[in-house]
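Shown next, in structure tokens, is the structure this report addresses.
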Amino acid sequence: MDQKRLFLAIVLSLAILVVFQALLPRPHRTVTAVPPQQSEGPLPATAPRPSDTLGTVPQDAGNAPVAPSATIPRLAIAAPRVSGSIALVGARLDDLVLNDYHETVSKSSPLVRLLEAPGAPEPTVIQFGWTAEGGVRVPDNATLWTATPGPLTPRQPVTLSWDNGAGLTFELVFSVDDDYMFRIQQRVRNATDAPVALHPWARVRRDYTPQTGGYSVLHEGLVGWSDARLRETTYASAKSEGQKRDGIAYQGSGIGGWAGFTDKYWLEAVIPEQTVETTTTYRYLDENRGGYQADTVTTAPVAVAAHGDAMLSTRAFVGAKEVHLLNRYQDRDGVSHFSYAIDWGWFWFLTKPIYYALDWLNAALGNFGLAILVFTIIVKALFFPLANRSYKSMSKMKLLGPKMQALREQYKDDQAKLQQQMMAMYKTEGVNPASGCLPMVVQIPVFFSLYKVIFINIDMRHAPFFGWIHDLSAIDPTNVFNLFGLIPFDPTQISPFLHLGIWPLVMGLTMWGQQKLNPPPPDPMQAKMFQFMPVIFTFMLARFPAGLVIYWTWNNLLTIGQQWLIMRQTRLARPGLART
């Protein structure tokens, strides 16, 4: 009965942690509730909402009648970390690759591409423009802009200009920093005798539905900071909500913020002027393959006086979600809550410190794998007093095995008396039968948080360890089912479970060794079930990132050493108990 209680305690502890994860709110993170909205007209859409003078952002980035992509004049972008071009028809930022990141660990593989022009397999574009009140002609998706000489570099901005032929000149002044941030000054010069009211806007549009991993620990889709909340909407939710509400999946207003699309490691976002009230909208565009748009527009119009001019500064981020870089844009450049683009998860209070600890250790050791090993030692040291008491109790339980078996045989027909004698023995020997589950329970939040850090953080992407591990964020590439590559076929084509690498095998062996040091359950069925646990966990963790498997293996080895020393000390301290 005591072992059944121990097993029940473990199950209940796991259930409590699962419920805790589900109920604990992340700071400022909300799933967007979609209010009913007015429908929007086609480009150019100038009708304001009844409640205010909000301009309407166009939705035609993918299907407007523009020149074929091959014939569109372009302005080159040549920055340290990004390369590409700006299409002068429509002033589209639609061609961009990241100079520091490749598709695979091979340096000869293609660079990661984040922006592609309409007509490409995965079109994603960023644009800036204006809507106007009173029928004023503004640039649209077919406008051919005039550009100053390029290329666009951190030391050389470029200006795109267009005259509407009615006294208004529109300008887009592009600049780029040494990383991934573009700044665009949206200028209007008014040579007429009458003032003009305009709504500057910015948008990111994807004219396809990306293939997402479907991981519950990772958000992929539309994301942004709006109305003092982090607004996360999946592609599926944007489609279902947009189809109900004239394409609008979310709309809200506030000072500053940002909006765009997030992938596992990448972000494309537009960032309006942080001191101006803007309206952010997530849209589903039900045409062709289906598309999505995140846009921002000034809630109130910007007045351009007669024979005057006006300017609004907007930014666009297109790049990797590097922790320190996002923090710098947030803290130094004032982009509100920009660090929230990284999904730290429910256990953010653990994942963020764990990341910073690993980042510091990596800087000191020069290898994230070594950083994980040292981090594991630090965690073991922090929980040493608790684990020490638990392992001592488990060691005593193992030594009490003969006594427990004798009591079961003596009182096999009287369960009440058996329990009474068991509890008396536990009290006399100073043993807590439920203490053995404490080390496992303590490790679960750390394990989950470390998994989150390894899984979502770009610093782990393509980070090598030693030997055959070239990417700590990916699964162990070896496989016992094809004799570690000697047989030229991929067993996972038959089933994804037929992948079992060297590190998961070693992890399973260490788990089996740790199990042998624990007191076996007296119930035969429970004993058989526990014997299969190392096998089950081996196959489960075989699909986990190699960095996490290395952590679990190393943690098991340290635990085995600690338990062995404690059991040895217990035998030496209680020789009579061991002989009983």
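Start counting the sequence shown at 2; every next residue gets the next number (this note's numbering). No residue lacks a Cβ here, since even glycine has one placed at the ideal position from N, Cα and C.
Do residue j and residue i count as a contact pair if the criterion is CB distance below 7 Å?
| i | j | result |
| --- | --- | --- |
| residue 470 | residue 546 | no |
| residue 281 | residue 224 | no |
| residue 582 | residue 232 | Given that the chain is displayed from residue 2 to residue 581, the structure contains no residue 582 and the question cannot be resolved. |
| residue 175 | residue 163 | no |
| residue 200 | residue 132 | yes |
| residue 307 | residue 195 | yes |
| residue 205 | residue 271 | yes |
| residue 161 | residue 203 | no |
| residue 513 | residue 535 | yes |
| residue 80 | residue 197 | no |
| residue 254 | residue 300 | yes |
| residue 328 | residue 340 | yes |
| residue 322 | residue 127 | no |
| residue 453 | residue 352 | yes |
| residue 158 | residue 77 | no |
| residue 240 | residue 285 | yes |
| residue 298 | residue 90 | no |
| residue 401 | residue 422 | no |
| residue 482 | residue 506 | no |
| residue 387 | residue 375 | no |
| residue 1 | residue 384 | Residue 1 is absent from the structure shown; the chain starts at 2 and stops at 581. |
| residue 258 | residue 226 | yes |
| residue 418 | residue 412 | yes |
| residue 234 | residue 283 | yes |
Using 10 angstroms around the beta-carbon of residue i, count the other beta-carbons present and answer buried if the total reaches 16, otherwise exposed.
| i | result |
| --- | --- |
| residue 179 | exposed |
| residue 369 | buried |
| residue 87 | buried |
| residue 568 | buried |
| residue 269 | buried |
| residue 276 | exposed |
| residue 494 | exposed |
| residue 183 | buried |
| residue 140 | buried |
| residue 315 | buried |
| residue 488 | exposed |
| residue 21 | Residue confidence is low: residue 21 scores 40 on pLDDT, short of 50, so the model does not pin down where it sits. Its coordinate-derived value is still stated next. Exposed, because fewer than 16 other Cβ atoms sit within 10 Å of the Cβ of residue 21. |
| residue 457 | buried |
| residue 414 | exposed |
| residue 62 | Its pLDDT being 39, under 50, residue 62 is placed unreliably by the model, and the measurement read from it follows with that caveat. Residue 62 should be labelled buried. |
| residue 24 | Since pLDDT at residue 24 reaches only 37, below the 50 mark, its modelled position is unreliable, and the value read off the structure follows with that caveat. Exposed: under 16 other Cβ atoms inside 10 Å. |
| residue 357 | exposed |
| residue 566 | exposed |
| residue 564 | buried |
| residue 317 | buried |
| residue 188 | buried |
| residue 185 | buried |
| residue 242 | buried |
| residue 124 | buried |
| residue 302 | buried |
| residue 238 | buried |
| residue 429 | exposed |
Report the CB separation of residue i from residue j in whole angstroms; it is logged as a contact under 8 Å.
| i | j | result |
| --- | --- | --- |
| residue 137 | residue 94 | Not quite, the Cβ-Cβ distance comes to about 24 Å (not below 8 Å), so this is no contact. |
| residue 445 | residue 511 | Actually they are not in contact, since the Cβ atoms of residue 445 and residue 511 sit about 18 Å apart, beyond 8 Å. |
| residue 462 | residue 266 | 6 Å |
| residue 310 | residue 190 | 5 Å |
| residue 465 | residue 502 | Contact doesn't hold; Cβ gap of about 15 Å is too wide. |
| residue 355 | residue 551 | Actually they are not in contact, since the Cβ atoms of residue 355 and residue 551 sit about 15 Å apart, beyond 8 Å. |
| residue 313 | residue 274 | 6 Å |
| residue 289 | residue 208 | 7 Å |
| residue 516 | residue 531 | 7 Å |
Could you please give me the residues that DSSP links to residue i through a beta bridge?
| i | result |
| --- | --- |
| residue 201 | 131 |
| residue 191 | 169 |
| residue 103 | 112 |
| residue 85 | 78, 97 |
| residue 378 | Per DSSP, none; premise fails for residue 378. |
| residue 318 | 182, 270 |
| residue 360 | Residue 360 is not bridged to any residue. |
| residue 225 | 232, 260 |
| residue 164 | 170 |
Notebook entry, point to check: Do the region 193-213 and the region 106-115 touch if we need at least three Cβ pairs shorter than 8 Å?
Noted result: no
Margin query: Is it the case that the region 285-301 contacts the region 73-86, given that we only count it when at least three CB pairs across the two stretches are under 8 Å?
Written below: no
Notebook entry, point to check: So, do the region 537-555 and the region 463-478 have three or more beta carbon pairs nearer to each other than 8 Å?
Noted result: yes
Check: Hey, is the region 112-119 in contact with the region 90-104, meaning 3+ C-beta pairs nearer than 8 Å?
Finding: yes
Next item on the list: State whether the region 375-382 contacts the region 343-352, with contact taken as three or more CB pairs (one from each stretch) at a distance under 8 Å.
Entry: no
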